[in-house]
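I have placed the structure first, in the form of structure tokens, so that the comments after it can refer back to it.
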Amino acid sequence: MTCLNKLGKSVVAKTKIPAGTVITLNMLTVKVAEPRGFPPEEIFDLEGKTVKRDIEEDESVTEEAIENYNTRTKC
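Here the sequence shown is numbered in the working numbering, starting from -12 and rising by one per residue.
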């Protein structure tokens, strides 16, 4: 496994984000995190989305935590 796969950066919560909150960019940051969440290039896609479960500070933001998040197929 390469270092990139082990230490890839993900979007994480700057502070605790309660369930039902609409995400703003100031709630998010990018860090090396495990488990892997959304990649940094998708941070802007998360703005305006609603959180369906609490996300703790420094926790990776994952698809399972976002309501109605449509994944895009990447080539």
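Built from N, CA and C at the ideal position, the CB exists for glycine as well.
- By the neighbour-count definition (other C-beta atoms within 10 Å, threshold 16), A52 is a buried residue.
- According to DSSP, residue pairing for L15 in a beta bridge involves A0.
- By the CB criterion at 7 angstroms, V38 and A0 fall outside the cutoff.
- Around D41, the same chain offers K3, I4, P5 and A6 as residues with beta carbons nearer than 8 angstroms, after the five sequence neighbours per side are excluded.
- For V19 and K(-4), the gap between their C-alpha atoms comes out near 4 angstroms.
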